[in-house]
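Numbering follows this note's numbering, in which position 120 of the sequence shown is assigned residue number 1507; successive positions increment by one, without gaps.
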Amino acid sequence: MKILGVCNALVSGATLLVDGDVIASVNEERFSRIKNDRSFPRESIEYCLKSHGLIPGDIDYVSCGAWKGIDEFFLSQLINETVEAVMRDNYAKKIISERIQVSVERDQLFKRELIDNLGKMGFATDKIDFYDHHLSHAYTAFYPSPFKEALVLTIDGRGDFKSATISSASRSEGIQLIDSVSEINSLGYFYGYITNYFGFTPNKHEGKITGLAAYGDPKKCINILKRMIDYDKRIVAHIGENYTPFMSRKLPKIEKELSKFSREDICAGVQSLTEEIALKYLRKFLRRTKHRNVCLSGGVFGNVKINQKILESGGVDNIYVFPQMGDGGNAFGGALIKLYEMGGKFKYPLKHVYLGPEYSSTEISSTLLSYKSKVKYVRLEDYTLKRIAQDIADGLCIGIFTGRMEYGPRSLGSRSILVRAIDRDITEKLNKRLNRSEFMPFAPVTLEEYAGEYYKGWSKNHLASYFMTVCYVCSKKAKDQVAGVVHVDSTARPQIINKKHNRLYYDLLNEYYKLTGIPTLINTSFNNHEEPIVCSPEDAIKSLLIDNVDYVLIEDLVVSRT
Ligand SMILES: [Fe+2]
């Protein structure tokens, strides 16, 4: 059974499942080179088909994890939430009707665009299935996880008129929806609003708010923020002059109040309140269902600090976060829903996310030839991993480009930049070199054998830590030895690796460990400023040519500037 998942909700992409195995999964941004691209995912679809030697006619089902619209059951909930909001503030009527109108118009437009373009590619447009956006997030959260049963929490800005859902999931019984929150009471929009308030781009720069939060005092303005959104037996936004379900609407009254506080204190308050609301919502259903494992998906769980709080919250044994937790994962989710609808099963857990393009030695040679006046290369067998490890120990910044590209927002060793983590001022230096403005330190990669010595409470069964989707409090050893990756609140968000995940990546880090006694390096995404992670050898060379890295290991070639 060949299922093609497609989606263009916020971030577009495609996924190919064949007989319950994921063959390929990629987001369009990597081909178009436009960060968070949501245009029709033509190149992603073409790549998925090509990766298995297929043409459109070979696909049994085309499935989209969004644009289902609203059903009768949820319509009554949306009406209830609207009535309650209007009873609190009559002005909410106007805001909610604007929200719903914008949502209906935009969703129909994107759905139409998807259908029309799939038709042009040769797919039968009357056979495309559209599923609920949050159900799609829920499927990606649970089925690729290692758990037999779990509580599934999805939270984002909006999708198919919802902003959050809770479900009980088991391999035998499937996913049963327990509760949902409409898009008018959106925790994701609250976080996005603050991102916009500070001049950053919502749906893109939320990590900057999370990074800044560690420098502030959450108590200073949390009571003002609670006038925007809070938890009172459920998630309730105070729609009116203090909150709108839009990220870029001005709120003069609340902004006047917030202007009395520092950026750091506001961010700390926003982060703390978001954690508090998500945890209260989760706890209510943990108690009721007795689940001990939690699966997370939806853009809000790109927030590694919330994930850490859930893991540490007590009552939770383990968490799993889908590695492409945002809307870029909804093609995958749509394909999974169709798979289970047709009686198939996903081969879980998802062991890795190296699901994107790889390049042959002929393709790499041809790219190098076209840049022959600008780059030179030597073979890895002549240069050796040991020497690369020594270069990193000496302070060089090295790009690695190996095998299939990662799916999801994190570089995990296929398209990564590696730098030593011992320098306290490395965040500042690297931000300058890479033209970034991150407030969180760069993230570490650590050999699995030593992870327990560096990250408090880490356990080998924390699959989330292998995909860089959760933070840990660092040990004294980590703070002494790899200060560059430890945030001001003593946390880090590591990628843990073992030999099975990515052999070359592991071997290089192991060589560094043998040289220095330190099993940790900085692993940051291999990309140019505000661009997506590099995909092709040409993207990597372009990044080398603007001095993002001192040289780049492209498969078995060490490539540097002439
Ligand atoms: Fe979403």
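Ideal Cβ positions, reconstructed from N, Cα and C, are used throughout, including at glycine.
None of these values were measured; they are calculated from a predicted model.
Within the same chain, Y1893 come within 7 Å of K1886 by CB-CB distance, once the 5 residues on both sides are set aside. For ligand 1, no non-hydrogen atom lies closer than 6 Å to the CB of D1943. V1869 and T1833 have their C-alpha atoms some 11 Å from each other. About 13 Å separates the beta carbon of L1772 from that of E1942, a gap too long to meet the 8 Å contact definition. In the structure shown, A1453 falls within a coil segment according to DSSP collapsed to helix, strand and coil.
For D1516, the pairing in a beta bridge is given by DSSP as S1450.
Look at G1452: its beta carbon is at least 6 Å from all of the heavy atoms in ligand 1. Going by DSSP, I1804 is part of no alpha helix (DSSP H) but of the beta strand (DSSP E) stretching over R1802 to R1807. Here the alpha carbon of S1947 sits roughly 16 Å from the alpha carbon of E1768. When the alpha-carbon of G1685 is set against those of I1542, P1605, V1872 and A1776, the nearest one is in I1542.
The shortest CA-to-CA distance from D1566 to any of F1585, I1390, G1730 and R1675 is the one to R1675. When Cβ pairs closer than 8 Å are counted between the two stretches, the region 1646–1660 is seen not to touch the region 1511–1528, the count staying below three. When secondary structure is reduced to three states using DSSP, N1583 falls in the helix class. In the DSSP assignment, the residues bridged to Y1938 are I1785 and S1947.
Taking 7 Å as the cut-off, the beta carbon of K1455 is found no closer than this to the beta carbon of D1513.
Counting only unbroken stretches of 4 or more residues, the alpha helix (DSSP H) elements lying wholly within the region 1596–1624 are 1609–1612, in sequence order. In the DSSP assignment, G1720 falls within the unbroken alpha helix (DSSP H) covering N1717 to E1728. In terms of side-chain proximity, the C-beta atom of G1392 is found no nearer than 6 Å to any non-hydrogen atom of ligand 1. DSSP, reduced to helix, strand and coil, places N1889 outside both helices and strands of the structure shown, so it counts as coil.
Ligand 1 never approaches D1812 closely enough for any of its heavy atoms to be under 6 Å from the residue's Cβ.
Each residue's CA atom was taken as its position, placing Y1746 and H1524 some 30 Å apart.
Note on geometry: alpha-carbon atoms of N1848 and Y1770 lie some 36 Å from one another.
Excluding its 5 nearest sequence neighbours in each direction, T1588 has C-beta neighbours in its own chain below 8 Å: T1582, listed in chain order. For G1656, the closest C-alpha among the options I1487, K1613 and K1671 is that of K1613. When secondary structure is reduced to three states using DSSP, I1884 falls in the strand class. Distance check between V1405 and each of E1416, G1392, V1398 and S1399 places G1392 closest, using alpha-carbon atoms only.
Within the same chain, Cβ atoms closer than 6 Å to the Cβ of D1447 are found at M1388 and K1389, the five residues on either side in sequence being excluded. Distance from the CA of S1659 to the CA of G1786, rounded to the nearest whole angstrom, comes to 35 Å.
For Y1576, the closest of S1550, N1504, L1683 and S1555 by C-alpha to C-alpha distance is S1550. Residues of the same chain with a CB within less than 6 Å of the CB of T1469, apart from the 5 flanking positions on each side, are I1483 in chain order.
In the three-state scheme derived from DSSP, where H, G and I count as helix and E and B as strand, D1876 is classed as coil. Around the Cβ of H1916, a 10 Å sphere holds fewer than 16 other Cβ atoms; the residue is exposed.
At least one heavy atom of ligand 1 lies less than 6 Å from the C-beta of G1685. Relative to the Cα of F1829, the nearest Cα in the group C1608, E1750 and I1804 belongs to I1804. For L1501, the secondary structure class from DSSP, reduced to helix, strand or coil, is helix.
The alpha-carbon separation between G1800 and C1922 amounts to approximately 13 Å.
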